[in-house]
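Asker:
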Amino acid sequence: MFGPALQVRGIEKSFKDLHVLQGVDFDVQAGSIFALLGSNGAGKTTLVRILSTLLSPDAGIATVNGFDVATEPKDVRESISLTGQFAAVDEVLTGRENLVLIAKLRHLKHPGTIADELLARFSLTEAGNRKAGTYSGGMRRRLDISMSLIGNPPIIFLDEPTTGLDPQARLEVWQTIKDLANSGTTVLLTTQYLDEAETLADRIAILHKGVIIQNGTLKELKALLPAAEVEYVEKQPSLEDVFLTLVGEDAAAAPDENTDAATAVPAGKESR
Ligand SMILES: Nc1ncnc2c1ncn2[C@@H]1O[C@H](COP(=O)(O)OP(=O)(O)OP(=O)(O)O)[C@@H](O)[C@H]1O
Ligand SMILES: [Mg+2]
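At position 70 of the sequence shown (counting the first as 1) the number is 54 in this note's numbering, and the numbers step up by one without a gap.
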C-alpha cells in the first residue's frame, strides 16, 4: 500500500455556532492501532462520521485507503467498516443469522461459511444459535465487531468500542482489537478511556477544543511530563497525568517551583 491508511488535513466542522472541529490533522499508518482520545463532546464521533463519509466536512481533506472522502466516497466505504457507539446487532436474530444476513447483503458467496468462521474467531460458536438478545454486553460487542469485518475491510473504525462494558467484557474486546491489528487491519479507535488507549494503541492523539493537541506514542506522550521531579517518587507519569495536564482547563498552569505552601502537584502527596 502507498502512504498512510488515513490522512486527515485541516478538517473543520461546525454545527451552527458550535465549532466542533477546527482544523484536525493526523495520519494513521497502515496496520496500526490509532487511538483518538477526547472528553465527551470533543468531536470524536463527528470525525469518525466524516471519515466514513456519513457527514461532509466544512473544510479540509481526508483520504482513507488513498481515497478522498469528498470525491471518492464509494471507494472509501468499500475500504472501511464502522462499529458505532451503539451496536448494530439485531436482537431477534441469532448471532449466526446476524452474520449471514450481512454477508448476504454484501453479496458474498458462502455466507454460512463466513458466519461460522467469524463465530469461531470471536469465540461465539457455542452462542451462535442463540438469539443475540440473550447475549451479554461483551458478546454482543464482539458480534458487532465481527459483523463489521465481513468483506475484510482493510480499515476499521471503532467508536468507543468498550463504553458500558464490564471489566471482563472490556478485556475480551481489547483482545479482539489486538487480534485485528495483528492480522493487518488498520484500526482507528475513539475512546474516553485512557487505559484503553494505553493498552491498545501504537499512537495516541488527543482531540481537545477542536484540534489535535498532542499526537505520539505512549512513550512520547509520557515524556511530555517530567518523570519524577522529586527524587523519591519512582512513579512515571501515567497517560492520565498527561491527559489531565494537557486538557485540564488551564488550571494546571505550571505552579512556581519555589512556592512553599500548597503546591498543587505531586510533591505533597505523601499519603495516598
Ligand atoms: N448533528 C449534530 N447537530 C448538532 N450538534 C451536533 C451534531 N452532532 C454532534 N453535535 C455536537 O458536536 C459536539 C461533538 O459531538 P461528538 O458526538 O462528535 O462528540 P464525541 O467526542 O463523540 O463525544 P462522546 O464521547 O460523548 O461520544 C457535541 O457538542 C455534540 O452535541
Ligand atoms: Mg462519540
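We put the beta carbon where it would ideally sit given N, CA and C, even for glycine.
Small disclaimer: the values here were computed from a predicted structure and weren't measured.
By how many angstroms is the C-alpha of R61 removed from the C-alpha of G194?
Answerer: Taking the sequence shown and counting its residues from 1, the one referred to as residue 194 is at position 210. Taking the sequence shown and counting its residues from 1, the one referred to as residue 61 is at position 77. Using only the alpha carbons, I get a separation of about 25 Å.
Asker: For L205 and K93, I'd like the C-alpha separation in whole angstroms.
Answerer: As a first step, residue 205 is located in the sequence shown; it is residue number 221 there, counting from the start. As a first step, residue 93 is located in the sequence shown; it is residue number 109 there, counting from the start. Each residue's alpha carbon lies about 45 Å from the other.
Asker: Got a sec, what are the start and stop residues for the beta strand (DSSP E) D199 sits in?
Answerer: Within the sequence shown, the letter at position 215 stands for residue 199. The question names Asp, but residue 199 is Asn in the sequence shown. Segment V195 to G200, the beta strand (DSSP E) holding N199.
Asker: Any idea what DSSP makes of S130, helix, strand or coil?
Answerer: As a first step, residue 130 must be located in the sequence shown, where it is residue number 146. S130 falls in the helix class under three-state DSSP.
Asker: Could you compute how far the alpha carbon of N49 sits from the alpha carbon of W158?
Answerer: As a position in the sequence shown, residue 49 is number 65, starting the count at 1. As a position in the sequence shown, residue 158 is number 174, starting the count at 1. The alpha-carbon atoms of N49 and W158 are separated by roughly 24 Å.
Asker: Kindly confirm or deny that the region 116 to 125 and the region 45 to 59 touch, where touching means at least three C-beta pairs closer than 8 Å.
Answerer: Short answer: they don't touch.
Asker: How is S(-2) classed by DSSP in three states: helix, strand or coil?
Answerer: For the purposes of this step, residue -2 is taken as residue 14 along the sequence shown, with counting starting at 1. Strand.
Asker: Grab me the residues of F106's own chain with a C-beta within less than 8 Å of its C-beta, minus the 5 sequence neighbours each way, in chain order.
Answerer: As a first step, residue 106 must be located in the sequence shown, where it is residue number 122. So the list reads R126, L127, I129, S130 and T160, once near-sequence residues are dropped.
Asker: Please determine if the region 146 to 158 and the region 185 to 192 are in contact, where contact requires at least 3 C-beta pairs separated by less than 8 Å.
Answerer: Not touching, per the Cβ criterion.
Asker: Starting from L83, trace the beta strand (DSSP E) in both directions and tell me its first and last residue.
Answerer: Reading the sequence shown from its first residue, position 99 is the one you call residue 83. That residue, L83, is in no beta strand (DSSP E); its alpha helix (DSSP H) goes G79 to L89.
Asker: Tell whether a beta-carbon distance below 7 Å holds between G44 and I(-5).
Answerer: Counting from one through the sequence shown, the residue named residue 44 turns up at place 60. Counting from one through the sequence shown, the residue named residue -5 turns up at place 11. Result yes, Cβ atoms of G44 and I(-5) sit closer than 7 Å.
Asker: If you draw a straight line from the C-alpha of K258 to the C-alpha of A111, how long is it?
Answerer: With the chain represented from -15 up to 256, any question about residue 258 goes unanswered, as that position is not in the structure.
Asker: Determine whether the beta carbon atoms of S132 and T67 lie at a separation below 7 Å.
Answerer: Here residue 132 refers to the residue found at position 148 of the sequence shown. Here residue 67 refers to the residue found at position 83 of the sequence shown. Contact: yes.
Asker: Roughly how many angstroms separate the alpha carbons of A235 and H3, rounded to a whole number?
Answerer: Counted from its first residue, the sequence shown places residue 235 at position 251. Counted from its first residue, the sequence shown places residue 3 at position 19. Reliability fails at A235, whose pLDDT of 45 lies under 50, so the model's placement of it is uncertain and the value that follows must be treated cautiously. Distance between the alpha carbons of A235 and H3 is about 23 Å.
Asker: Can you tell me whether Q(-9) is helix, strand or coil according to DSSP?
Answerer: The residue you call residue -9 lines up with position 7 of the sequence shown. In this structure, Q(-9) counts as strand in the three-state DSSP scheme.
Asker: If contact is defined by three or more beta carbon pairs under 8 Å, each pair taking one atom from either stretch, is the region 84 to 99 in contact with the region 134 to 146?
Answerer: Yes, the region 134 to 146 touches the region 84 to 99.
Asker: With DSSP as the reference, label T243 as helix, strand or coil.
Answerer: Stepping through the sequence shown from its first residue, residue 243 is reached at position 259. Below a pLDDT of 50, predicted positions are generally treated as unreliable, and T243, at 41, falls in that range; no measurement from the model is reported.
Asker: Please determine, among E144, Q152 and A(-11), the residue with the shortest C-alpha to C-alpha distance to S63.
Answerer: Along the sequence shown, read from residue 1 onward, the residue named residue 63 stands at position 79. Comparing Cα positions, the closest option is A(-11).
Asker: Can you give me the C-alpha to C-alpha distance between L228 and L20, rounded to a whole angstrom?
Answerer: Residue mapping note: residue 228 aligns to position 244 of the sequence shown, counting from 1. Residue mapping note: residue 20 aligns to position 36 of the sequence shown, counting from 1. Distance between the alpha carbons of L228 and L20 is about 15 Å.
Asker: Helix, strand or coil for A235, going by three-state DSSP, please let me know.
Answerer: Here the question's residue 235 lines up with position 251 in the sequence shown. Reliability of the predicted coordinates at A235 is poor, the pLDDT of 45 falling under 50, and no value is obtained from them.
Asker: Is any non-hydrogen atom of ligand 1 found closer than 6 Å to the C-beta of K28, if you look at the structure I gave you?
Answerer: Position 44 of the sequence shown holds residue 28. Flag set: Cβ of K28 near ligand 1.
Asker: Heavy atom of ligand 1 less than 6 Å from the Cβ of V(-8), yes or no?
Answerer: On the sequence shown, position 8 is the one that residue -8 refers to. No, the beta carbon of V(-8) sits no closer than 6 Å to any heavy atom of ligand 1.
Asker: Assuming D225 and L209 are in contact, meaning their beta carbons sit under 8 Å apart, how far apart are those beta carbons, in whole angstroms?
Answerer: Counting from one through the sequence shown, the residue named residue 225 turns up at place 241. Counting from one through the sequence shown, the residue named residue 209 turns up at place 225. The pair is a contact, with the Cβ atoms about 6 Å apart (cut-off 8 Å).
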